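The structure appears below as structure tokens.
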Amino acid sequence: MPLSDNDRDLLARTMLSEAGIDGDDGMKAVAAVIKNRVNSDAFPNSIADVIHQPGQFSAWGLPRTDPNNPNNFGKKNPNMLRAGAIADSVFAGQGPDPTNAATYYANIPIVKANLRPGQKMPPFTQYPQTAQIGHHTFFSPDGGNSQSAIRSAINPPNSMDAIRSAIGSMDTAQ
905 MPLSDNDRDL LARTMLSEAG IDGDDGMKAV AAVIKNRVNS DAFPNSIADV IHQPGQFSAW
965 GLPRTDPNNP NNFGKKNPNM LRAGAIADSV FAGQGPDPTN AATYYANIPI VKANLRPGQK
1025 MPPFTQYPQT AQIGHHTFFS PDGGNSQSAI RSAINPPNSM DAIRSAIGSM DTAQ
């Protein structure tokens, strides 16, 4: 799916803020999670709504003075341009999903360090782990095996052969 300029900008800012420290692989993984959410019936169906959904993508809640705040990256910043190119490739379906259809991720040591006394880990951390990429662990409620996960993994998105293959996989998995 081709990205609008606004969607590419939101994705690049989110990818850099959430996983820039993990390089291209980490940023590709964050873009894949956002794509998986957009393609899932359990989440909003637009990139902007997924990214700005309350309680998700914690970088958007950082103070403006934090250098990792997504609003602090200039549009011409070379890292923003690189993240935008990665977002384009993920949403064009180029290459496999490195997260194995994850819809959640966390930097577990940071989450644990920020828990208040008596507070539990987020519920999604009980889901099956689908990947470990850089500092982030990726999760999916069904281990990446749902119809929406298969739908989001189709490459290219409109290929009838890929759709037939996915349907055949679903039939044999039942």
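Residue numbering for the sequence shown follows the numbering used here, starting at 905 and increasing by one per position. A virtual CB, placed ideally from N, CA and C, is assigned to each residue, including glycine. Everything numeric in this text was worked out from a predicted model, so none of it was measured.
Would DSSP call Phe1042 helix, strand or coil?
strand
Which same chain residues end up closer than 8 Å to Asn1086 when comparing Cβ atoms and leaving out the 5 residues on each side of it in sequence?
Since the displayed the chain opens at 905 and closes at 1078, residue 1086 lies outside it and no answer follows.
Please work out which residues of its chain come closer than 7 Å, Cβ to Cβ, to Phe961, disregarding the five sequence neighbours upstream and downstream, and give them in chain order.
Only Thr918, Glu922 and Ile955 meet the Cβ criterion.
Drop a sphere of 10 angstroms on the beta-carbon of Met1025, count the other beta-carbons inside from all chains shown, and report buried for 16 or more, exposed for fewer.
exposed
Below 8 Å on the Cβ atoms is my contact criterion, and I expect Ala991 with Leu915 to pass it. Report the Cβ-Cβ distance as a whole number of Å.
The C-beta separation of Ala991 from Leu915 comes to about 4 Å, placing the pair in contact by the 8 Å criterion.
What did DSSP end up calling Ser1069 once you bin it into helix, strand or coil?
The predicted model places Ser1069 with a pLDDT of 39, which falls under 50 and marks its position as unreliable; any figure quoted below should be read in that light. In the structure shown, Ser1069 sits in a helix (DSSP, three-state: H, G or I).
Ile925 lies in the alpha helix (DSSP H); which residues open and close that run?
Secondary structure note for Ile925: it is in no alpha helix (DSSP H), with a DSSP letter that is neither H nor E.
Are Ala996 and Phe1043 close, meaning C-beta to C-beta below 7 Å?
No, these two residues do not count as a Cβ contact at 7 Å.
Rounded to the nearest angstrom, how far is the Cβ of Ala936 from that of Val1015, given a contact under 8 Å?
For Ala936 against Val1015, the beta-carbon gap comes to about 20 Å, at or over 8 Å, which does not count as contact.
Hey, Ile938 and His1039 are a contact pair by Cβ (cut 8 Å); roughly how many whole angstroms apart?
Going by Cβ atoms, the distance from Ile938 to His1039 rounds to 18 Å, so no, they are not a contact pair.
From the DSSP output, in three-state form, read off Ala1035 for me.
In this structure, Ala1035 counts as strand in the three-state DSSP scheme.
What is the DSSP secondary structure of Ala987, counted as helix, strand or coil?
helix
Measure from the alpha carbon of Pro1027 to the alpha carbon of each residue in Thr1034, Asp945, Arg1020 and Ala1010, then state which is nearest.
Ala1010
For Ala1083, which of helix, strand or coil comes out of DSSP?
It is not possible to answer for residue 1083, since the shown part of the chain is limited to 905 through 1078.
Alpha carbon to alpha carbon, how far is Pro906 from Ala952?
14 Å
With DSSP collapsed to three states, give me the class of Ala1010.
strand
Evaluate Lys980 with the Cβ neighbour count: other Cβ atoms within 10 Å of its Cβ, from every protein chain shown; 16 or more gives buried, anything less gives exposed.
exposed
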